[in-house]
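Numbering (UniProt numbering), first residue to last: 1 to 1065.
All C-beta atoms, glycine included, are put in the ideal place defined by N, C-alpha and C.
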């Protein structure tokens, strides 16, 4: 409903196109009121006869008469206020917000409730209590629901969400138009005041404004300096930049509703102090005590210092300051740190560091891993899953500080019990300790070497999940000792005993040959080199068998032990071909084209040395196997079974089991990776297995697909089209210099993309997204004969790629930079209109899915058979050289396509706001924690309230965002009010775009350059001659003959004057 204006004043309003039979023409009317009343659907306007009338000036002979005003529609949902049960569309019924409209005219009476007295009644106020938290967030909806329904966010449910006839969003009703809400209004503190009107919703003595991240200098619990230009009841600053809405302890309960915001067991009410606008902040770090787990910053958690009664916290020294706020107090015991009879004192005779690796904490009992259990009681002080007793911690006096004779394996000054890398080999103890990789990934998601602080540890400081039972102190998994030498891996600098240091096998460098990190720097005293802590070593698993190389005695699975392949030093392993990868990681160590497995001979412990020069054949490129003068392969070992299928290679007709006969593949090495094709599972090293590519020749260029780097000859490398990311200029994987014994480089795999799910993989599909534009057209390549393939194909080197295009397309064009290449993106320019519509126009996509309707592909080339007959150059209406499908103003009229289509463009970038990605990380701002200010426990940049890892719900496109919060849930780049996603009202129906002149051509495709017709004031759009802006006139312009005749008469008169002048002369 609209509030009646309380003052007069002239306001010009544009009246919409009148309905049939209206006496009004399209004109600008002057209303004597003070507020914009919104959209009228009436055919006439009359003066209102009440105590606050408005008048209408007579304009163009039209008197101020007609039928009554139908009434305003405040939220623009198409339901006038009289019939709308939620006038501001905030998810709260008008009846709950205290709306009063006794005469039923759609304008709220002055007696309507206005909680914050800002002039906007609650029923029209999107922040009724002005606490900076939008009503829809404080009301009946969950945070996830608000995010899904109010994507901008502006406090109102998005206009494209169906509302039925009663103005309530169908999704929040029990059934459409039932008027019954699914959820009740929250009243967190049960004081009878709903949260959306309550300045302290949880009654913890801290204003909601403060707990949401705002400032309250005048201590009234409301936003300071309130300014609301659009009259929606929301401060303009908050509307442009929302408050963070903290959830400090990550329990999914926002702080303004959480009685213990930091989860330290002490109620916020106790921690807050007496000023609800400025909660107590003991350590002065800017975060109130109610948000800190260590309020006084003394290194001891509040939950350890509070004592047994959280309502009356312990005060050990009796100074009136509870221990958790008293940095001079020691919780859980005496304040006499050095037993000298007085409080305080150093425990080691004045040394500024007690040996506990904690700065400035001489007077406290430390908690090394900050898990809430002090060291004296903690059986795993550094929380690395290795018990202190196993790590050699000695604390004779029980003060929680490791004694000087505690074991320090790497001699870095940090005892093993506090050291997260005890042997300083660059591999964290947590990884080398006792747990499997999957468990570690769960317990230490940020890879810092300590179990995450959020994992429950019980009273003994050991993570419950790794104990046999809680607080049992027993861990069932033994410590790893790979080589069985009695030294656990976390202390062993050569865990597998292969003569190569773990540091080197993990991908590090050891210039000084000691097996430990060079130039060790440890600023935070955690025992881990700072460089390693910032960027972990790769920890190679060359043969991908699940065992990292530093635990694998045959890292490359070539049958030759690493200890045999390394004839060099432990810090500088043998590298026969000098390519930077040690022999222990290579299938063809000498790069002679013959695999190590074939050259080693029958006894891998005693490799064959044919020429007796002391260098084994597999490391000696000078050894040639000859038959006369022609180099040939050696005879393989009789027992060799390259593919492990139980059939010796000597009897196997397909040695690499890729489905292509050895007779066909032969001994060629197509990708020059040192593995011959008959043993190579990816013969062209494009990242797609030969078994997937097969021996067919899709593009009929004479090169079978398994050797063809562009199998469909569309000018795009197979590797790119298959979805491989690290691709070199040759079209092969960038990692192809290092392959395993099967010829596979890192990044190879069986999976390939089939974007349009037509059964034709993208690398064989001439139209990967099935939008009617060929892949060639969508990357900008020329296709003169319009067949979707490269013209005049020439391939001199036999790699299957046209010579003229080699190295041309190294990345797939991504016009809108949404990380979906145009060849897979159904809306390449992100203007909210599908590429199909923009290229083929109205009627080309009846189901509005952005793809060809009634798709038929009899020949399997990925092109619709009908569409294949019409592959003309992409449409370019304005002739600016930019095809419509990537042109943000297709008709060149200066108005963006998005705006002409009726879409929302708040940031004025001509692209769909729902997919705006300010930081370019591939996560839309509406889901990006950097923009939402929410929580991100797993550090994936997705707001946890929308993260599929935390929220139950489908994630169709696998991007980590649940569908209900994902503006592009199917991941095809086509989103917004005109898109095909499940939450779009346009799904399954053709889009009806604005067409102002009703000529059948949507406004987005009809502008200055669409016809180029000169029109005059009577037939066109302006006075005199002008370029038509609304399309061609359908009739003869009566002014044109007059202008033409006048011009002729002027010309005749001028000629006469000249003639007369000449006669006089």
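message = If the criterion is Cβ atoms closer than 7 Å, does the pair residue 747 and residue 733 meet it?
response = yes
ask   = So, helix, strand or coil for residue 463, using DSSP?
value = coil
request  = Kindly list the residues whose CB is nearer than 7 Å to the CB of residue 499, restricted to its own chain and excluding five residues on each side of it in sequence; keep chain order.
outcome  = 563, 566 and 570
query = Is residue 497 near residue 483, with beta carbons less than 7 Å apart?
reply = yes
ask   = Between the stretch 844-853 and the stretch 752-771, do three or more beta carbon pairs fall short of 8 Å?
value = yes
key: From 832, 996, 421 and 836, residue whose alpha carbon lies closest to that of residue 774   = 836
inquiry  = For a quick check, are the C-beta atoms of residue 669 and residue 662 less than 7 Å apart?
reply    = no
ask   = Taking the alpha helix (DSSP H) that residue 1078 falls in, what are its first and last residues?
value = This structure cannot speak to residue 1078, because the chain is shown only from 1 to 1065.
query = Is the Cβ of residue 861 closer than 7 Å to any Cβ of chain C?
reply = As a matter of chain content, chain C is missing from the structure shown, which is built from one protein chain.
task = Report yes if the CB atom of residue 262 is closer than 7 Å to the CB atom of residue 305, and no otherwise.
result = no
message = With distance defined between alpha-carbon atoms, name the residue in 816, 379 and 843 nearest to residue 473.
response = 379
ask   = Going by other Cβ atoms of all chains shown within 10 Å of its Cβ, with 16 needed for buried, is residue 162 buried or exposed?
value = exposed
request  = Measuring alpha carbon to alpha carbon, tell me which of 798, 618 and 524 ends up nearest residue 671.
outcome  = 798
query = Where does residue 173 sit, in a helix, a strand or coil, going by DSSP?
reply = strand
ask   = Leaving out the 5 sequence neighbours to the left and right, which residues in its chain are closer than 7 Å to residue 995 when beta-carbon positions are compared?
value = 1001, 1002 and 1003
ask   = Unbroken alpha helix (DSSP H) runs of length 4 or more, entirely within the stretch 845-933: which are they?
value = 897-900 and 929-932
query = Using the C-alpha atoms, what's the distance from residue 427 back to residue 382?
reply = 16 Å
ask   = On the three-state DSSP scale, how would you describe residue 1049?
value = helix
task = With DSSP collapsed to three states, give me the class of residue 946.
result = helix
ask   = Considering only the beta carbon of each residue, do residue 97 and residue 122 sit closer than 7 Å?
value = yes
message = Tell me which residue opens and which closes the alpha helix (DSSP H) that residue 504 is part of.
response = 502-505
ask   = Beta carbon of residue 935, beta carbon of residue 247: below 7 Å?
value = yes
task = Provide the residue span of the alpha helix (DSSP H) that contains residue 197, from first to last.
result = It is not in any alpha helix (DSSP H) - residue 197 carries neither H nor E in the DSSP assignment.
ask   = Should residue 964 and residue 953 be called a contact, given that it needs their Cβ atoms to be closer than 7 Å?
value = yes
request  = Could you tell me if residue 1049 is buried or exposed, where buried requires 16 or more neighbouring beta carbons within 10 angstroms of its beta carbon?
outcome  = exposed
Span separating the alpha-carbon of residue 402 from that of residue 412 = 14 Å
ask   = When the Cα of residue 165 is compared with those of 139, 82, 788 and 136, which residue comes out closest?
value = 82
ask   = Does the Cβ of residue 974 have 16 or more other Cβ atoms within 10 Å, making it buried, or fewer, making it exposed?
value = buried
query = With distances taken between CB atoms, is the gap from residue 829 to residue 753 smaller than 7 Å?
reply = no
inquiry  = When you compare the stretch 226-243 with the stretch 173-183, are there three or more beta-carbon pairs, one atom per stretch, that lie closer than 8 Å?
reply    = no
task = Answer with buried or exposed for residue 227, where buried requires no fewer than 16 other C-beta atoms within 10 angstroms of its C-beta.
result = exposed
key: Contact check, residue 715 vs residue 781, beta carbons under 7 Å   = yes
request  = Compare the beta carbon distance of residue 697 and residue 704 with 7 Å and say whether it is the shorter of the two.
outcome  = yes
inquiry  = Please report the distance separating the alpha-carbon of residue 588 from that of residue 579.
reply    = 11 Å
CA-to-CA distance, residue 966 to residue 925, given in whole angstroms = 11 Å
key: Same chain only: Cβ atoms within 6 Å of residue 822, ignoring 5 sequence neighbours per side   = 778, 813, 815 and 828
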